[in-house]
Every structure is written in C-alpha cells, then in structure tokens.
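Residue numbers (the numbering used here): 7 to 153.
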C-alpha cells in the first residue's frame, strides 16, 4: 500500500503542490546531512524529509521520515519554517522542523541517500538541496515563512 500511496503522491505532484516535511538535526553546531541519490535533487545534500501521508500530522511525518531514513528517534520537535518551494520540476509547501534526536544515524534507505555525516553550519557541503538551503537561511535569520 505504501508504494501505491507514494506513486499517487508523485502523480499528483504534476498538477497540485504537495506537502513536504524535513527534520533538521543539530548537535554541537553541526547539522546532519546526507548525499541524495536516485530522485529529484540527486547529488545535493539534505537532511531527512519527505512527503506528508494522508491523515498524518506534520510532526508525525517529520518523525517518521527521520526514523525511516536514518534510524534516529525524535525526542523533541520545534517548528522551524514553512516555504513555498518550486524546484526540480516539483512544487511543495514545505514544513521544516528543528529536531533533538536520539541515536546515531545509519543509512536505512540506500536507494535515497549515499551516506550521512555531520557538517559545521559555517562549512556546509555543496550543493545543498533547495528546501534545506531555504530552511538553513530561516534558522540563521529567524524568518518563519519563505514565499
């Protein structure tokens, strides 16, 4: 059922904006990023995130994506920003959360991410996945909405 849901989600992307979520995990002024593979934004660096599933809360989606992609468990979430993202041939209304997480990251979905690593916020790798770039700017500036 999950794959059918994902396929419908991506078909709808072509005509309607989708809802995305992301989980920004910071430890010791370092942010967790992975190198994306096999999908839009391949080759760019991003944190855990994905699409909101039917009936799911935004916070629940961010927690689920974090666990599914990295094995990390969200201990606490706080709202970071919302952005209207039109990039990679897609249109997302993107909700990002700052997350305190338990555990050490592991690659749980090797078809989506090559590796996870911690990066200093002042020395980020390039290129950064567009929704993550916008959210990092929000984190630095305090801007909650990015049209």
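We treat Cβ as the ideally placed atom computed from N, Cα and C, and that holds for glycine.
Query raised in the report: Using the C-alpha atoms, what's the distance from residue 151 back to residue 68?
Result: Rounded to whole angstroms, residue 68 and residue 151 show a C-alpha spacing of 18 Å.
Report task. Would you mind sorting residue 9 into buried or exposed? The rule is 16 or more other CB atoms within 10 Å of its CB. Result -> Since pLDDT at residue 9 reaches only 49, below the 50 mark, its modelled position is unreliable, and no value is offered.
Report task. Go ahead and pull the three-state DSSP assignment for residue 26. Result -> strand
Requested in this report: Note down, one range per segment and in chain order, each alpha helix (DSSP H) of at least 4 residues found wholly within the region 111-149.
Outcome: 136-147
Report task. Pick out whichever of 90, 85, 123 and 119 has its Cα sitting closest to the Cα of residue 65. Result -> 85
Query raised in the report: How many angstroms separate the CA atom of residue 130 from the CA atom of residue 61?
Result: Approximately 35 Å, taken between the alpha carbons.
Query raised in the report: Identify the residues that DSSP records as bridge partners of residue 92: which are they?
Result: 97
Query raised in the report: From this set, 137, 146 and 116, which residue's C-alpha is nearest residue 94's C-alpha?
Result: 137
Report task. Pick helix, strand or coil for residue 102, following the three-state DSSP scheme. Result -> In the structure shown, the three-state DSSP call for residue 102 is strand.
**Report entry** Residues sharing a beta bridge with residue 41, DSSP
**Finding:** 51
Query - Separation of residue 48 from residue 117, as counted between CA atoms - result: 11 Å
Query raised in the report: Over what stretch of residues does the alpha helix (DSSP H) that includes residue 66 continue unbroken?
Result: 64-76
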